[in-house]
Amino acid sequence: MGFRIRKMGFYLWVCFSLLCYSLSFVSSQTEGDTTVEGTVFIDGKAPIATIDDDFICATLDWWPPEKCDYGTCSWGLAGLLNLDLSNNIFLNAIKAFSPLKIRLGGTLQDKVIYDTSDNQEPCTSFVKNTSEMFGFTQGCLPLNRWDELNAFFEKAGAKIIFGLNALVGRSIKSDGSAVGAWNYTNAESFIRYTVEKNYTIHGWELGNELCGSGVGTRVTANLYAADTAALQSIVQNIYRDVDLKPLVIAPGGFYDSNWFKEFIDKTTKSLDVVTHHIYNLGPGVDEHLVEKILNPSVLDGESRTFSGLHNIIKNSTTSATAWVGEAGGAYNSGHNLVTNAFVFSFWYLDQLGMASKYDTKTYCRQSLIGGNYGLLNTTTFVPNPDYYSALLWHRLMGRNVLSTSFAGTKKIRSYTHCAKQSNGITLVLINLDNSTTVQANLAFNSTMTLQHKHKPKPKHRSRTLHHKHRSHKTMIIQLPQGSDAEIRREEYHLTANDGNLHSQTMLLNGKILSVNSSGIIPPLEPLHVNSPKLIMVAPLSIVFTHMPDVILPACKVYEQLPTTNIEHGQLSLRHCGKGQIWDTSNTVSISLDASFRKTAIKHRNKVNQSSKRFEAYC
1 MGFRIRKMGF YLWVCFSLLC YSLSFVSSQT EGDTTVEGTV FIDGKAPIAT
51 IDDDFICATL DWWPPEKCDY GTCSWGLAGL LNLDLSNNIF LNAIKAFSPL
101 KIRLGGTLQD KVIYDTSDNQ EPCTSFVKNT SEMFGFTQGC LPLNRWDELN
151 AFFEKAGAKI IFGLNALVGR SIKSDGSAVG AWNYTNAESF IRYTVEKNYT
201 IHGWELGNEL CGSGVGTRVT ANLYAADTAA LQSIVQNIYR DVDLKPLVIA
251 PGGFYDSNWF KEFIDKTTKS LDVVTHHIYN LGPGVDEHLV EKILNPSVLD
301 GESRTFSGLH NIIKNSTTSA TAWVGEAGGA YNSGHNLVTN AFVFSFWYLD
351 QLGMASKYDT KTYCRQSLIG GNYGLLNTTT FVPNPDYYSA LLWHRLMGRN
401 VLSTSFAGTK KIRSYTHCAK QSNGITLVLI NLDNSTTVQA NLAFNSTMTL
451 QHKHKPKPKH RSRTLHHKHR SHKTMIIQLP QGSDAEIRRE EYHLTANDGN
501 LHSQTMLLNG KILSVNSSGI IPPLEPLHVN SPKLIMVAPL SIVFTHMPDV
551 ILPACKVYEQ LPTTNIEHGQ LSLRHCGKGQ IWDTSNTVSI SLDASFRKTA
601 IKHRNKVNQS SKRFEAYC
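If you read the sequence shown in the UniProt record's numbering, its first letter stands for residue 1, the second for the next number, and so on.
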């Protein structure tokens with residue numbers, strides 16, 4: 001059966017979805033395996049959300065080697081005070097993203113002091129003490145270690161978010177709440193030192209898991225809002241001569257709707273990013289983690305958090321955006337051969353797709369290295385499967401998020417973005433079924449352009465034929481098949497080595513992904529497939545598909561003209577399709593309301609620092 005691309009009017013969307021489900025669901029039994037045909041529905045009229053170009057983020061934690069969970073000590077020397085910064089694989093793994101956001105923080109960040117001139121205490125490392133909160137004494141960051149870390153991050157091209165200690169000056173009451181004002185003297189001195197050394201920090205985050213009911217202790221939303229305002233004031237003062245100031249980020253904890261609403265409403269002038277953490281699979285000791293990961297209902301559950309936070313932000317006057325500041329899936333360091341194995345890519349990529357749908361701008365994975373959920377092996381630094389999943393996402397998935405659904409089986413998860421640094425779209429299909437191969441068609445609810453090239457023949461006088469349909473009727477476009485068809489798509493099929501879900505080796509299009517003897521990250525090369533063929537998704541596999549010839553309205557970009565002054569309330573735009581010369585005939589001008597103008601002014605240099613451009617998506 002040929003690869004079919006359908007498009008439909010909006011009012012037929014639901015009805016046609018049901019019809020297509022009943023008509024296109026085809027199954028056949030072959031040697032115990034089932035094959036089903038289904039349809040991916042993509043709404044290409046307009047993006048439903050946008051993400052940052054550097055959406056992928058990973059964390060580095062403070063845990064010392066003595067950190068143990070359930071009798072297993074999985075952190076080794078992966079903590080910030082002990083990490084080997086000379087490892088070549090580690091350097092190359094970060095450089096491959098160009099850039100990778102890295103969040104420095106975690107449970108012990110609220111027990112860290114900084115060895116600046118104001119510190120009168122000995123600068124000692126964490127010591128295990130079960131009578132202390134989190135099981136460790138206070139630790140200290142020596143400035144020479146901070147210098148070493150920044151030299152490494154600059155070499156690697158990382159963008160750093162640093163988590164500050166938010167408990168200094170506070171006392172813990174018998175009910176577990178933290179009271180008293182934040183003493184920011186040490187933090188302010190540390191920020192000042194960082195600026196004096198010309199270290200670039202992308203964002204300063206205040207506190208870790210102190211919101212709502214908290215972990216270890218908690219701070220009220222009202223008090224946290226006051227502390228956030230104080231941090232913003234410090235940042236504005238110390239960076240007053242710097243054009244691009246770091247983001248002020250908080251609270252870095254588990255979502256609590258009432259707490260988050262109060263906090264966001266009280267930080268409309270001081271907060272740039274609101275962060276929350278995700279460990280929705282439960283404790284790492286759980287023996288049923290694999291079943292949870294492969295259960296669509298469990299995966300769907302986290303959508304309530306994303307939706308709730310998205311609605312709070314949307315209904316507030318804040319200009320803050322949402323990030324996932326830390327997500328390890330299973331708390332207490334994860335589970336060996338599950339959260340660091342191939343099977344975890346089903347959870348991880350589904351999380352990236354779901355977070356994107358709800359306008360989450362950045363997603364920080366716990367961890368880059370350390371525990372049983374690192375993107376890199378704690379001892380060898382060799383990439384685990386999720387590292388390659390993250391790298392593929394980073395390279396293929398663009399900023400614009402498209403509404404996507406799948407009809408045919410509940411075990412397929414589907415997500416679509418406009419392609420990154422290329423024309424077209426990129427689709428991710430995740431097959432949670434252990435015995436069913438899926439053959440996927442595509443259907444579009446949009447005016448669509450298909451760019452299809454033929455080898456020149458007498459009946460084809462033009463090398464490029466543009467098929468455009470503007471109709472509210474359902475149409476099926478059957479693409480030509482044969483040796484002269486040059487429309488191709490790029491596919492990246494991810495599978496486990498030997499079919500073992502607990503394997504820490506990933507296959508890309510049947511080939512093992514591994515670093516070479518020099519510690520170089522392998523190239524991620526696609527299969528080039530003729531578009532008339534269906535997209536095949538094998539059981540328990542993941543497929544990224546880049547289709548450069550599918551051009552949708554949602555993927556057109558408009559850029560601010562160089563002479564435009566956003567402050568005056570007019571924004572002139574012109575279409576600049578990827579790879580095209582700017583055409584002034586496509587220039588349009590729109591009026592901006594006050595709130596949009598404020599947001600545009602605040603964030604325009606953060607969209608693309610090199611070109612100082614502000615992008616609008618229509």
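Note that beta-carbon positions come from the ideal geometry of N, C-alpha and C, so glycine has one too.
Model, not experiment: these values are computed from the prediction.
On the DSSP bridge list, what partners appear for Ser-514?
The count along the sequence shown starts at 1 and reaches residue 514 at position 514. Paired residues: none, contrary to the question.
With 16 as the cutoff for other CB atoms within 10 Å, does Ser-483 come out buried or exposed?
As a working mapping, residue 483 is identified with position 483 in the sequence shown. Here Ser-483 scores only 41 on pLDDT, less than 50, and its place in the model should not be relied on; the value that follows carries that caveat. Exposed, because fewer than 16 other Cβ atoms sit within 10 Å of the Cβ of Ser-483.
Does the distance from the CB of Leu-552 to the CB of Ile-425 come in under 8 Å?
Taking the sequence shown and counting its residues from 1, one reaches residue 552 at position 552. Taking the sequence shown and counting its residues from 1, one reaches residue 425 at position 425. Contact flag set, yes.
Nearest candidate by alpha-carbon position, reference Gly-105, set Val-40, Thr-194, Lys-128, Leu-81:
Stepping through the sequence shown from its first residue, residue 105 is reached at position 105. Of Val-40, Thr-194, Lys-128, Leu-81, the residue nearest in Cα terms is Leu-81.
Mind checking which residues open and close the beta strand (DSSP E) that includes Ala-322?
Translated into positions along the sequence shown, residue 322 becomes position 322. Residues 321–327.
For His-277 and Gly-216, which I take to be in contact (beta-carbon distance under 8 Å), what is that distance rounded to the nearest angstrom?
Counting from one through the sequence shown, the residue named residue 277 turns up at place 277. Counting from one through the sequence shown, the residue named residue 216 turns up at place 216. Not confirmed; about 13 Å, so no contact.
Is the region 439–453 touching the region 362–377 in the sense that three or more CB pairs, one from each, lie closer than 8 Å?
no
Give me the residue from Val-274, Lys-261, Ile-264 with the minimum Cα distance to Leu-247.
Position 247 of the sequence shown holds residue 247. Out of Val-274, Lys-261, Ile-264, Val-274 has the C-alpha closest to the C-alpha of Leu-247.
Any idea what DSSP makes of Leu-352, helix, strand or coil?
In the sequence shown, residue 352 corresponds to position 352, counting from 1. Three-state DSSP puts Leu-352 in a helix.
Return the chain-ordered ranges of every beta strand (DSSP E) run that is complete within the region 65–135 and spans a minimum of 3 residues.
101–104, 112–114
Using the DSSP secondary-structure output, state which residues sit across from His-310 in a beta bridge.
Within the sequence shown, residue 310 is the residue found at index 310, counting from 1. Answer is none; His-310 lacks a bridge partner.
Per-residue burial, Arg-365 [other beta carbons within 10 Å of its own, 16 or more giving buried]:
What you label residue 365 is simply residue 365 of the sequence shown in a count that begins at 1. So Arg-365 ends up on the buried side.
Using 10 angstroms around the beta-carbon of Val-343, count the other beta-carbons present and answer buried if the total reaches 16, otherwise exposed.
The sequence position of residue 343 within the sequence shown is 343, counting from 1. It is buried - the Cβ of Val-343 has at least 16 other Cβ atoms within 10 Å.
Nearest CA to the CA of Tyr-184: which residue from Glu-302, Ile-542, Ala-229?
Along the sequence shown, one-based indexing puts residue 184 at 184. The candidate whose alpha carbon is nearest that of Tyr-184 is Ala-229.
Could you pull the start and end residues of the alpha helix (DSSP H) that Trp-146 belongs to?
Numbered from its first residue, the sequence shown carries residue 146 at position 146. Here the alpha helix (DSSP H) through Trp-146 covers 143–156.
Where does Pro-64 land, buried or exposed, given buried means 16+ other C-beta within 10 angstroms?
Translated into positions along the sequence shown, residue 64 becomes position 64. Buried, since its Cβ has 16 or more Cβ neighbours within 10 Å.
Buried or exposed: where does Thr-380 fall if 16 or more other Cβ atoms within 10 Å of its Cβ makes it buried?
As a working note, residue 380 is residue 380 in the sequence shown. Exposed, because fewer than 16 other Cβ atoms sit within 10 Å of the Cβ of Thr-380.
Which same chain residues, not among the five before or five after Tyr-239, have their C-beta less than 6 Å away from its C-beta?
For the purposes of this step, residue 239 is taken as the residue at position 239 of the sequence shown. So the qualifying residues of the chain are Lys-245.
Between Pro-539 and Asp-433, how many whole angstroms is the CB-CB distance? I'm expecting something under 8 Å.
As a first step, residue 539 is located in the sequence shown; it is residue number 539 there, counting from the start. As a first step, residue 433 is located in the sequence shown; it is residue number 433 there, counting from the start. Sure, about 6 Å apart at Cβ, within 8 Å.
With a threshold of 16 other CB atoms inside 10 Å of the CB of Glu-209, please say whether the residue is buried or exposed.
Position 209 of the sequence shown, counted from the start, is the residue given in the question as residue 209. Burial call: buried.
Among Lys-159, Phe-544, Ala-225, the one whose alpha carbon lies nearest that of Ser-270:
Position 270 of the sequence shown, counted from the start, is the residue given in the question as residue 270. The residue with the shortest Cα to Cα distance from Ser-270 is Ala-225.
For Pro-526, tell me which candidate among Gly-284, Gly-44, Lys-533, Thr-545 has the shortest Cα-Cα distance.
For this step, residue 526 is matched to residue 526 along the sequence shown. Among Gly-284, Gly-44, Lys-533, Thr-545, the Cα nearest to that of Pro-526 is on Thr-545.
Assuming Ile-249 contacts Gly-203 under a Cβ cut-off of 8 Å, what Cβ separation, rounded to an integer in Å, is found between them?
The count along the sequence shown starts at 1 and reaches residue 249 at position 249. The count along the sequence shown starts at 1 and reaches residue 203 at position 203. Contact holds; Cβ gap of about 5 Å.
If you follow the alpha helix (DSSP H) that Ser-414 is part of, which residue opens it and which one closes it?
Working through the sequence shown from its first residue, we reach residue 414 at position 414. Where Ser-414 is concerned, there is no enclosing alpha helix (DSSP H), although the beta strand (DSSP E) it sits in stretches over 412–419.
Since Asp-69 and Asn-336 should fall inside the 8 Å C-beta cutoff, what is the C-beta to C-beta distance between them, to a whole number of angstroms?
As a first step, residue 69 is located in the sequence shown; it is residue number 69 there, counting from the start. As a first step, residue 336 is located in the sequence shown; it is residue number 336 there, counting from the start. About 11 Å; that fails the 8 Å criterion.
Under the DSSP definition of a beta bridge, which residues are partnered with Gly-176?
Counting from 1 along the sequence shown, the entry for residue 176 is found at position 176. Note: Gly-176 sits in no beta bridge, so no partner.
Hey, Asp-265 and Ala-320: beta-carbon distance below 8 Å or not?
Sequence index remark: in the sequence shown, residue 265 carries index 265 (1-based). Sequence index remark: in the sequence shown, residue 320 carries index 320 (1-based). Not in contact: Asp-265 and Ala-320 (Cβ atoms no closer than 8 Å).
Who does Phe-346 pair with in a DSSP beta bridge?
Here residue 346 is taken as the residue at index 346 of the sequence shown, counted from 1. According to DSSP, which records beta bridges pairwise, Phe-346 is partnered with nothing at all.
Helix, strand or coil, according to DSSP, for Trp-204 in the structure here?
Here residue 204 refers to the residue found at position 204 when the sequence shown is read from its first residue. Residue state, collapsed to three classes: strand.
Spatial neighbours of Lys-410 in its chain, beta-carbon cut-off 8 Å, leaving aside the 5 residues before and after
Sequence index remark: in the sequence shown, residue 410 carries index 410 (1-based). Cβ within range, chain order: Pro-296.
Cut-off 6 Å between Cβ atoms - residues of its own chain near Arg-395, not counting five sequence neighbours on either side:
Residue 395 sits at position 395 when you count from the first residue of the sequence shown. None.
Let me know the beta strand (DSSP E) ranges lying completely inside the region 181–229, each 3 residues or longer, listed in chain order.
203–206
Check each candidate in Arg-488, Glu-302, Ile-542, Leu-223 and name the one with the smallest Cα separation from residue 621.
Past the edges of the chain, shown from 1 to 618, lies residue 621, and the structure says nothing about it.
Under 6 Å Cβ to Cβ from Thr-267, same chain only, skipping five residues before and after it: list those, please.
Translated into the one-based positions of the sequence shown, residue 267 becomes position 267. Once the five neighbours on either side are set aside, the close Cβ partners of Thr-267 are Ala-225, Thr-228.
Can you give me the Cβ contacts of Thr-107 inside the same chain, cut-off strictly under 6 Å, excluding the 5 residues immediately before and after it?
As a position in the sequence shown, residue 107 is number 107, starting the count at 1. Result list for Thr-107: Phe-134, in chain order.
Relative to the C-alpha of His-417, which residue among Val-36, Thr-50, Thr-35, Thr-34 is closest?
Looking up residue 417 in the sequence shown gives position 417. Considering only alpha carbons, the answer is Thr-50.
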